[in-house]
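Take a look at the structure set out below.
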Amino acid sequence: MRSAPLFLYALCLTGAIGLGSNAADGDRETGRLTLTFEVTEPSGAIMAAVFDNADAYGGNGAPVRAFRLPVTAPTVRQTLDALPPGDYAVRAFHDLNDDNSLNTNPFGVPVEAVAFSNGATVRYGPPEWAATRFQVATGETGQTLSFRR
Amino acid sequence: MHTPRTHRPPSAPTIGGPICDHTPSRRTVLNLLAGTAAGLWLSAPARQGALAAAAALEGGTPRWHLGFRNAPVGGVGPVPLRPIHGRAPEALAGTLIRNGPGQFTRGDQTIGHWFDGDGLVRAFRIAGEEAHLTARFVDTHKRRVDTAAGGFVSPGFGTAGAPDTAIAHADDANAANTAVLDRGDALWALWEAGSPTALDPETLATRGTVTLRDDVRHMPFSAHPKIDPRGWIWNFGLGLGSTRAFVWALDPTGRVAKAATIPWPRAAYIHDFAVTERKLIFPLHPWIVSGGHPPLVDRLAWQPERGVTVLVVDKDNFADRRLFHLPAAFFFHTGDAWEDAGGGLHFDVCFADRPTMDGEIGGQLVRGVAVRQDLPRLCLVSLHPDGRAEVRQSDVVAEFPRTDARRQGQPRSSVWSVGHDAGDPAPAVGFNTVQRTDWSTGTTDCFRFGSDHLVEEHIFVPAPGGGAETEGWLVGTSLNLAAQATELHVFDAARLERGPLVTWRAPVALPLSFHGIWRW
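Top line first, the protein sequences correspond to chains A and B. At position 87 of the first sequence (counting the first as 1) the number is 87 in full-length UniProt numbering, and the numbers step up by one without a gap. At position 113 of the second sequence (counting the first as 1) the number is 113 in full-length UniProt numbering, and the numbers step up by one without a gap.
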């Protein structure tokens, strides 16, 4: 139905784990972001990366946060503190086999579920920054990402 | 008849057209007139048919459009079929299971192409003198999404869909509408760009998408798998727009024994292939896919100057490959293939001069607009060990070729198909004849249904205990335009010219379907 390379996801997630900064800027008001992940199979782990600009989201730059969250229930949550107010986007996949990478089939199509912030969906490839971004203000912000395989 | 073809090699003998004088030739004139005032007067249709034809005149909808109208949303039956002719063979107790598109309009929208209608699986159960019909839509993700949207938002072969429909992988657009595979405890509804969809073999209820192995999830499993006599299943999948494809081999237990990407000499879109005991044969006609998004038809280009490249791959070693070259031709379907004692490969195929079903034609069919007809003819392709390739071109207009499944990959002579008499004007749409061609004698015998019928694929069902090539039945369906009903027919496979042994009529007219299987 489509050319396979369109499905190649340069999620830049695997290498990003652990690179995220946890440094809080105590001099400014910051926001707290709660990410809720809904899965169909309560096993494995969520691999997620949070970006604060389009370039980094597109693969040219590092995420501001990245984490691995074990999945033990149909819904799991991760709270991220001390985010400067602004636009953010989240890319995530459900690492069902715990190999810390997004597995794809021979044509490059993910065989593990992916999800994006702002309810953005996949159409032959990952959605653009504009579709995935959401605003973090001071105080509480929430986003729910649902995985469907 | 006996028209020589310019690109036929001089050495290839001509096979005569069907010996087909059982129906007055005058009736064939009606093929041209169907849906016109003359057709109305001359064909003396049943009252219902007359009314439909009259309505067609007013509304401009030809009567063949009955084959492209929505099936009931909830499916059909089980309902008894009414016997209208003959007696059923005692030993024939089983089910003809067919698949084909079943929905073409939703709300005020018309689907972009015949090939994109949601799969409607139809089971015609024969037991004694009785026959019953059950039909159910395959409950795909695509059907759910389109139903919720009240239109056709999913993309497809010739349907653009809505720009914001989520498509994570091919199975999000899987129409499960092309063929059926019998897996014993399940039926698989097949498409060609995604996974099989499992159905309950009795109720036809959808169980869900089949993942053959997790690392090859969502890889394309085409609609024409070949089952060899030992129970191995060979299939391919297209890497559309790329110069690679995928090959599957399932062992008799259903385990994925081979699943590998192979180089594809050109980015050809093909619908079927052929398999011998040792080889996979991919006739790569010059219908070339370029990159981009659906609908696929917008990415397809017919490039006849490139001819046909036939890729032959060894089953045991995919790196062992060979290319053969033929003049330009187009095909949807092969019959089957075999290897002779000298290593020559042979397969029957229905070749046309150009694509017989492109984006334009597929859209016109669902809208009831007159279509261009490019007629495929039955051919036998031979690939010689010295690298020569030749086409033995018959005059037999043919599609949906079928052979004896017990002889898959083995030498045999008979191939059954549907068509119409090559000497007569073509029907506006579809076929009106069933026929058997014998390559060893060069003859074709047939039965012509006449212009009131759109004849669908018929399949060979071997008689229990029988071993001879034609010892069995030919079972299939037609859409009777005059009666406005789908009919089920059984022929003596060796004596088609005698007409159906038995015919039953359904209380509904189902839209035309593609491919079927017989399940005992």
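For each residue, glycine too, the CB sits at the ideal point set by N, CA and C.
query                                                                                                                                                                                                   : result
Please classify residue 218 of chain B: does DSSP put it in a helix, a strand, or coil?                                                                                                                 : coil
Residues of chain B with CB closer than 7 Å to the CB of residue 121 of chain A, please, in chain order.                                                                                                : 166
Return no unless some Cβ of chain B is closer than 9 Å to the Cβ of residue 20 of chain A.                                                                                                              : At residue 20 of chain A the pLDDT is 41, less than 50, meaning the model places this residue with poor confidence; the figure from the coordinates comes in the next sentence. Not an interface residue.
For residue 109 of chain B, collect the residues of the same chain with a Cβ closer than 6 Å to its Cβ; drop the 5 residues on either side in sequence, then sort them by chain order.                  : 151, 152
Run through chain A and tell me which residues come within less than 8 Å of residue 246 of chain B, C-beta to C-beta.                                                                                   : 106, 107
Any idea if residue 155 of chain B is buried or exposed, counting beta-carbon neighbours within 10 angstroms, 16 or more meaning buried?                                                                : buried
DSSP has residue 244 of chain B in a bridge; who is on the other side?                                                                                                                                  : B:263
Within a Cβ cutoff of 6 Å, which residues of the same chain sit near residue 272 of chain B, ignoring the five residues on either side of it in sequence?                                               : 224, 333, 334
At a CB distance below 7 Å, what residues from the region 58-80 of chain A approach chain B? Give them in sequence order.                                                                               : none
Please classify residue 516 of chain B: does DSSP put it in a helix, a strand, or coil?                                                                                                                 : strand
Take residue 131 of chain A and list the residues in its own chain whose beta-carbon comes closer than 7 Å to its own, dropping the five residues that flank it on each side.                           : 118, 120
Mind checking which residues open and close the beta strand (DSSP E) that includes residue 279 of chain B?                                                                                              : 279-284
Contact criterion: CB-CB distance below 9 Å. Does residue 56 of chain B meet it with respect to chain A?                                                                                                : Only weak support exists for where residue 56 of chain B lies, its pLDDT of 49 falling under 50; the value from the coordinates is given anyway. Residue 56 of chain B does not count as touching chain A.
Where do the N-terminal and C-terminal ends of the alpha helix (DSSP H) with residue 111 of chain B fall, by residue?                                                                                   : It is not in any alpha helix (DSSP H) - residue 111 of chain B carries neither H nor E in the DSSP assignment.
Please work out which residues of its chain come closer than 8 Å, Cβ to Cβ, to residue 325 of chain B, disregarding the five sequence neighbours upstream and downstream, and give them in chain order. : 307, 308, 309, 310, 389
When you compare the CB of residue 216 of chain B with every CB in chain A, is at least one pair closer than 9 Å?                                                                                       : yes
Are there three or more Cβ pairs, one per stretch, closer than 8 Å when the region 96-110 of chain A is compared with the region 136-144 of chain B?                                                    : no
Does residue 219 of chain B get closer than 9 Å to chain A when you measure Cβ to Cβ?                                                                                                                   : yes
Pick out the complete beta strand (DSSP E) segments inside the region 113-143 of chain B, 3 residues or longer, and give them in chain order.                                                           : 119-127, 130-137
Could you pull the DSSP bridge partners for residue 381 of chain B from this structure?                                                                                                                 : B:347, B:391
In the DSSP assignment, what are the bridge partners of residue 95 of chain A?                                                                                                                          : A:45
Would residue 293 of chain B pass as an interface residue toward chain A - the criterion being a Cβ-Cβ separation below 9 Å?                                                                            : yes
Using a Cβ cut-off of 9 Å, pull out every chain A residue sitting near residue 261 of chain B, in sequence order please.                                                                                : 106, 107
Would you give the residue range spanned by the alpha helix (DSSP H) that residue 365 of chain B belongs to?                                                                                            : 359-367
Please report whether the beta-carbon of residue 133 of chain A lies at a distance below 9 Å from any beta-carbon of chain B.                                                                           : no
Along the chain, where does the alpha helix (DSSP H) containing residue 54 of chain A start, and where does it finish?                                                                                  : 54-57
Looking at the unbroken alpha helix (DSSP H) that takes in residue 132 of chain A, where does it start and where does it end?                                                                           : 129-132
Does the distance from the CB of residue 81 of chain A to the CB of residue 30 of chain A come in under 9 Å?                                                                                            : yes
Return helix, strand or coil for residue 94 of chain B, following the three-state DSSP convention.                                                                                                      : strand
Contact criterion: CB-CB distance below 9 Å. Does residue 148 of chain A meet it with respect to chain B?                                                                                               : yes
What residues of chain B sit near residue 53 of chain A, judged by a beta carbon separation below 8 Å?                                                                                                  : What residue 53 of chain A touches in chain B: nothing, since even the nearest Cβ is about 24 Å away.
What residues of chain D sit near residue 113 of chain B, judged by a beta carbon separation below 8 Å?                                                                                                 : Given the protein chain composition of this structure (A and B), no chain D is represented.
Could you have a look at residue 80 of chain B and say whether DSSP puts it in helix, strand or coil?                                                                                                   : strand
Locate the beta strand (DSSP E) running through residue 459 of chain B, then write down its first and last residues.                                                                                    : 453-462
Report yes or no: is there a C-beta of chain B within less than 9 Å of the C-beta of residue 90 of chain A?                                                                                             : no
Rounded C-beta distance between residue 434 of chain B and residue 491 of chain B? I'm assuming under 8 Å.                                                                                              : 7 Å
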